[in-house]
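Chemist: Here the sequence shown is numbered in the numbering used here, starting from 1 and rising by one per residue.
Backbone N, C-alpha and C fix where the C-beta goes; we use that ideal spot for every residue, glycine too.
In this text the structure is predicted, and so the values were computed from the model without any measurement.
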Amino acid sequence: MDRRELAGFLRSRRERISPADVGLPAGPRRRTPGLRREEAAQLAYISTEYYTRLEQARGPHPSREVLAGLARALRLSDAERDHLHHLAGVPPGPLPGPSRQVRQSILDLLHRLPLAAAIVTSAINEVIAWNDLAAALMEDFSALSRRDRNLVRRAFLGPEPQGWRLFGVSDADAFARNSAQRLRATAARYPDDPEVTGLVQELLAGSEEFARLWASHDVSAEPTLCKTFQHPLVGLITVNCDVLDIADRDQRVVIYTAVPGSPSEEALRLLSVIGTQRMDVPR
């Protein structure tokens with residue numbers, strides 16, 4: 001274990017991440033770039049004292065579980081994750097959990113779709129990237145915590161602004177059913193990931209509907225080709241749904257488009273101008 005190199009590497013990775021990157025509020029003036037040590041520790045599910053000792057080159061030999069938490073918290077690439085393991089003297093093994101790092105080419109794609117609302121979801125259905133029109137159509141995801149960006153959690157545990165389940169989509173019940181089925185398949189792929197197992201336990205404890213669906217052991221989700229959003233400002237918007245799988249990251253790009261010349265296309269055009277102004281309206 002190379003404690004000095006490990007300490008420097010952790011510090012450099014922590015300082016490059018902004019609070020907004022991981023769903024944390026910026027808060028008051030910061031004395032250090034990037035995340036604070038206590039924030040990195042919280043995201044990695046370890047104590048602040050333990051993390052501080054690692055950055056000060058005086059920490060104990062980290063376990064695979066600790067390294068997995070650090071890699072996830074610091075949003076390390078696959079190459080950086082392997083480097084972290086080598087510095088810690090622990091040979092890298094299979095990826096422990098779902099990736100949240102979105103390729104730059106995918107981020108560029110989202111913003112090249114001016115008349116399409118597009119999001120990227122992780123293997124646990126967390127929205128990890130989006131374009132402006134998606135924020136206007138669904139939710140200003142930048143104003144939400146990581147917890148509230150998870151669509152399967154939103155589907156079963158809320159909140160439900162204005163009494164609408166999951167942004168008022170017409171297929172909310174079908175989405176909930178499909179998301180439970182996908183989560184069961186995800187749990188099988190990542191059986192040792194604490195975020196995946198924790199999400200499943202939270203949903204089992206908080207939703208009878210999820211518990212019933214989970215007990216069915218179904219893993220074959222039906223594709224959704226079309227859905228209608230109930231928007232508080234422009235009303236009903238019917239869109240086609242296309243999904244692109246990013247196999248190497250276990251992620252999905254979901255693209256919502258309206259039929260050309262339809263009232264829904266005009267509504268999307270209006271939303272592209274309005275943006276997320278509705279977020280300022282008290283609920």
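#1: Classify M1 as buried or exposed, calling it buried when 16 or more other Cβ atoms lie within 10 Å of its own Cβ.
#2: Within the continuous beta strand (DSSP E) that includes V239, where are the two ends?
#3: Let me know if G261 comes out buried or exposed under the rule of 16 or more other beta-carbons within 10 Å of its beta-carbon.
#4: Check whether the Cβ atoms of A176 and E209 lie closer than 9 Å to each other.
#5: Determine which residues share a DSSP beta bridge with E285 and list them.
#6: Classify R16 as buried or exposed, calling it buried when 16 or more other Cβ atoms lie within 10 Å of its own Cβ.
#7: Count the other CB atoms within 10 Å of the CB of H231; is the residue buried (16 or more) or exposed (fewer)?
#8: Return the bridge partner residues of I274 from the DSSP annotation.
#9: So L54 and A7 are supposed to be a Cβ contact under 8 Å. How far apart are they, rounded?
#10: Which runs of the alpha helix (DSSP H) spanning at least 4 residues fall entirely within the region 97-142, listed in chain order?
#11: For S99, count neighbouring C-beta atoms within 10 Å of its own C-beta (all shown protein chains included) and say buried if the count is 16 or more, exposed if not.
Modeler: Put simply:
#1: Label assigned to M1: exposed.
#2: 235-246 is the span of the beta strand (DSSP E), which, as asked, contains V239.
#3: Residue environment: G261 is assigned as exposed (fewer than 16 neighbouring CB atoms within 10 Å of its CB, all protein chains considered).
#4: For the pair A176 and E209, the CB atoms are nearer than the 9 Å cut-off.
#5: The question about residue 285 has no answer here: the residues shown for the chain are numbered 1 through 283.
#6: By the neighbour-count rule (16 or more Cβ atoms within 10 Å), R16 is not buried but exposed.
#7: H231 comes out buried.
#8: Secondary-structure assignment with DSSP links I274 through no beta bridge to anything.
#9: L54 to A7, Cβ: 6 Å. Contact.
#10: List check, alpha helix (DSSP H) in window: 104-110, 132-137.
#11: Classification for S99: buried.
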